[in-house]
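Undergrad: Have a look at this one.
Protein chains in written order, with my numbering: chain A, 1 to 278; chain B, 1001 to 1287.
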């Protein structure tokens, strides 16, 4: 028995040629083959963007991530893609969730969420109706659910806080690694979930609209020695029109401060559920 | 025609591939190691996270199931390839029950650890909401502040959990929907998930609005056909105030009963134990 056969190609009785690789992989990987029969090696640590069936791809898919480090620079906003990198059909987004933590601002903030379409147009605007509910809890504050009568949406978008502002101030150094307390650090954690539907998405839809739910936890009192610092706000909102017109599909979720303060720290990740049949 | 050989090498290369000597028991990928050995071992790819090039989302860091009432429950990032300073935010999912069927001291707390060291801070400001079916009704956690000295935990979930004093019962019995007309009708526990901002000195817990669910033991509602005494769904958040007492990054979380009377310095009360499932996810700070 030959212990070593040297050849460039191995052919099957059917005439399919497989060409051998000429090097080793750097780690244990899958053996792969191109459609032309070129044998090669897979990736040691494959990157997976989605859990999916072979057709629908409805499951949660990773979209984007932003890390803001005060030691490096501050940013005017955190704008995350709501599309996985291999998806171009913007109308296939069923739901997007943005998780965030440790978010701080360089001044006292009123954080808002804007939804942007593929051309960076603001999707939530004053042409839409708005209905929303909220619960807010802080030292001395109410925890009941309140139904707000506001009926007109704002070009500012969806407001994350309610009565209590999100404290902030310019800081030096990375906030995540600070080992002692400082005043005016919001350290806002939470999430935003967005759903959008249009008349064209199916029978039975009578108005185009957007649903948003958020929950944030942050410091509303800037003095770190004050025991009444924490505030939690849970909000739900529905935006819609009654004109029958289409609302442009959002492709980005933007978190920013309408007071104009930059974000100086925090982490943000976005995931979307994609349904190609939508 | 069959050609027998141990190795195959491209004429233009110097990297012979060594063929496997056994067949796999079922269909499997062919693996190649850095020495060119082909193997058919069924080592399926494992994916702990979704992401794209240079960006990693939630990573599965650890999962544990504790089946006996000998200690608390804990889950760590050990073996994940990450260290505590790598993780900006955690998410902890859990289904836990206690070992006391009727005792007001059946309290659950959670503590962050750095290795074997409990690094719980002492001062937190509470807020949040609760909904429950007893006379205290619904309301807000709007007055709370965990004050005073270090108590061996950072978040106090709630008190008076129903539990399971029958050690022969599986922990899954906590989900027994039958409830009433048996001696342990007050089985139950707590389930939910929370998030944790893992700053070195300043940290924050946040319970998802879907809430923690738990059953409450109550002297009027045990051992009878009323079954579970549904306690509450609660959502609680907390932020740090006052001076940080620890400056390490958490790499493990432990749910235990640090004792309603003082904490036993985080070691847990010797009469109150938990068991159940904990799963830990995290968002890496970089990458």
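Using N, Cα and C, we set each Cβ at its ideal position, and we do this for glycine too.
Along chain B, which residues have their Cβ under 7 Å away from the Cβ of residue 274 of chain A?
TA: Locating residue 274 of chain A in the first chain gives position 274, where the first residue counts as 1. Ordered by position in chain B, no residue passes the 7 Å Cβ test against residue 274 of chain A, which lies about 12 Å from the chain.
Undergrad: Is the shortest distance between the beta-carbon of residue 72 of chain A and the beta-carbons of chain B less than 7 Å?
TA: Position 72 of the first chain, counting from 1, holds the residue named residue 72 of chain A. Chain B, which has no Cβ nearer than 7 Å to the Cβ of residue 72 of chain A, makes this no.
Undergrad: Flag residue 1223 of chain B as yes if its beta-carbon sits less than 7 Å from any beta-carbon of chain A, otherwise no.
TA: The residue labelled residue 1223 of chain B in the question sits at position 223 within the second chain. With a pLDDT of 46 at residue 1223 of chain B, under the threshold of 50, the modelled position of that residue is not reliable, and no figure is offered here.
Undergrad: Using a beta-carbon distance below 7 Å, is residue 1139 of chain B in contact with chain A?
TA: Stepping through the second chain from its first residue, residue 1139 of chain B is reached at position 139. So, interface residue.
Undergrad: Within the present structure, is the beta-carbon of residue 266 of chain A separated from the nearest heavy atom of the ligand ZN by less than 6 Å?
TA: Within the structure as shown, the ligand ZN is missing, as the structure has no ligands at all.
Undergrad: Check whether the Cβ of residue 162 of chain A lies closer than 7 Å to any Cβ atom in chain B.
TA: On the first chain, position 162 is the one that residue 162 of chain A refers to. Cβ-Cβ to chain B under 7 Å: no for residue 162 of chain A.
Undergrad: With a 10 Å radius around its C-beta and 16 neighbouring C-beta atoms as the bar for buried, classify residue 121 of chain A as buried or exposed.
TA: As a working mapping, residue 121 of chain A is identified with position 121 in the first chain. When all chains shown are included, residue 121 of chain A counts as exposed.
Undergrad: Buried or exposed for residue 1125 of chain B, please, with buried defined as at least 16 other CB atoms from any protein chain shown within 10 angstroms of its CB.
TA: As a first step, residue 1125 of chain B is located in the second chain; it is residue number 125 there, counting from the start. Residue 1125 of chain B comes out buried.
Undergrad: From which residue to which residue does the beta strand (DSSP E) around residue 41 of chain A run?
TA: As a working mapping, residue 41 of chain A is identified with position 41 in the first chain. Residue 41 of chain A -> beta strand (DSSP E) spans 39-41.
Undergrad: Please report whether the beta-carbon of residue 1155 of chain B lies at a distance below 7 Å from any beta-carbon of chain A.
TA: Stepping through the second chain from its first residue, residue 1155 of chain B is reached at position 155. Not one chain A Cβ lies under 7 Å of residue 1155 of chain B.
Undergrad: Could you check whether the Cβ of residue 1182 of chain B sits closer than 7 Å to any Cβ belonging to chain A?
TA: Within the second chain, numbered from 1, the residue matching residue 1182 of chain B stands at position 182. With a pLDDT of 44 at residue 1182 of chain B, under the threshold of 50, the predicted position of this residue should be treated as unreliable, though the coordinate-derived value follows. Answer no: the Cβ-Cβ gap between residue 1182 of chain B and chain A never drops below 7 Å.
Undergrad: What's the gap between the Cα of residue 49 of chain A and the Cα of residue 1202 of chain B?
TA: Here residue 49 of chain A refers to the residue found at position 49 when the first chain is read from its first residue. Here residue 1202 of chain B refers to the residue found at position 202 when the second chain is read from its first residue. Between the C-alpha atoms of residue 49 of chain A and residue 1202 of chain B there is a straight-line separation of about 32 Å.
Undergrad: Name, please, each residue of chain B whose Cβ falls closer than 7 Å to the Cβ of residue 177 of chain A.
TA: Locating residue 177 of chain A in the first chain gives position 177, counting from the first residue. In chain order: 1200.
Undergrad: Quick one: which chain C residues come within Cβ less than 9 Å of residue 1033 of chain B?
TA: No chain C is part of this structure, whose protein chains are labelled A and B.
Undergrad: Over what stretch of residues does the beta strand (DSSP E) that includes residue 66 of chain A continue unbroken?
TA: Indexing the first chain from 1 puts residue 66 of chain A at position 66. Here the beta strand (DSSP E) through residue 66 of chain A covers 60-68.
Undergrad: Could you have a look at residue 1011 of chain B and say whether DSSP puts it in helix, strand or coil?
TA: Position 11 of the second chain holds residue 1011 of chain B. Looking at residue 1011 of chain B - three-state DSSP - the assignment turns out to be coil, as it is neither helix nor strand.
Undergrad: To the nearest angstrom, report how far apart residue 153 of chain A and residue 1062 of chain B are at their CA atoms.
TA: Taking the first residue of the first chain as position 1, residue 153 of chain A is located at position 153. Taking the first residue of the second chain as position 1, residue 1062 of chain B is located at position 62. Whole-angstrom Cα-Cα distance: 43 Å.
Undergrad: What does DSSP give as the partner residue(s) for residue 236 of chain A in the beta ladder?
TA: The residue given as residue 236 of chain A occupies position 236 in the first chain. Residue 236 of chain A is bridged to A:133 and A:213.
Undergrad: Whose C-beta lies closer than 7 Å to the C-beta of residue 174 of chain A among residues of the same chain, with five residues either side of it excluded?
TA: Taking the first residue of the first chain as position 1, residue 174 of chain A is located at position 174. If we look at residue 174 of chain A and ignore the five residues flanking it on each side, its Cβ neighbours are 69, 70 and 71.
Undergrad: Let me know if residue 1021 of chain B comes out buried or exposed under the rule of 16 or more other beta-carbons within 10 Å of its beta-carbon.
TA: Residue mapping note: residue 1021 of chain B aligns to position 21 of the second chain, counting from 1. By the neighbour-count rule (16 or more Cβ atoms within 10 Å), residue 1021 of chain B is not buried but exposed.
Undergrad: Under 8 Å: do the region 1245-1257 of chain B and the region 1109-1116 of chain B share three or more Cβ pairs, one atom per stretch?
TA: yes
Undergrad: What are the boundary residues of the beta strand (DSSP E) that includes residue 271 of chain A?
TA: The count along the first chain starts at 1 and reaches residue 271 of chain A at position 271. Per DSSP, residue 271 of chain A belongs to the beta strand (DSSP E) from 263-274.
Undergrad: Measure the alpha-carbon distance for residue 1279 of chain B versus residue 1196 of chain B and round it to whole angstroms.
TA: Sequence index remark: in the second chain, residue 1279 of chain B carries index 279 (1-based). Sequence index remark: in the second chain, residue 1196 of chain B carries index 196 (1-based). If I take the Cα positions, the gap works out to 13 Å.
Undergrad: Is the region 204-223 of chain A touching the region 238-248 of chain A in the sense that three or more CB pairs, one from each, lie closer than 8 Å?
TA: yes
Undergrad: Where does residue 4 of chain A land, buried or exposed, given buried means 16+ other C-beta within 10 angstroms?
TA: The count along the first chain starts at 1 and reaches residue 4 of chain A at position 4. The residue is exposed, with fewer than 16 neighbouring Cβ atoms inside 10 Å.
Undergrad: Hey, does residue 211 of chain A have any beta-carbon neighbour from chain B nearer than 7 Å?
TA: In the first chain, residue 211 of chain A corresponds to position 211, counting from 1. No, because no Cβ of chain B sits closer than 7 Å to the Cβ of residue 211 of chain A.
Undergrad: For residue 1093 of chain B and chain A, any beta-carbon pair shorter than 7 Å?
TA: Taking the first residue of the second chain as position 1, residue 1093 of chain B is located at position 93. Not closer than 7 Å to any Cβ of chain A, the Cβ of residue 1093 of chain B fails to qualify, so no.
Undergrad: Kindly confirm or deny that the region 137-150 of chain A and the region 84-103 of chain A touch, where touching means at least three C-beta pairs closer than 8 Å.
TA: no
Undergrad: So, is residue 1086 of chain B buried or exposed, given that buried needs 16 or more other C-beta atoms within 10 angstroms?
TA: Mapped onto the second chain, residue 1086 of chain B falls at position 86. By the neighbour-count rule (16 or more Cβ atoms within 10 Å), residue 1086 of chain B is buried.
Undergrad: For a test of the three-state rule: what should DSSP assign to residue 199 of chain A, helix, strand or coil?
TA: Position 199 of the first chain, counting from 1, holds the residue named residue 199 of chain A. Residue 199 of chain A: helix per DSSP, three-state reduction.
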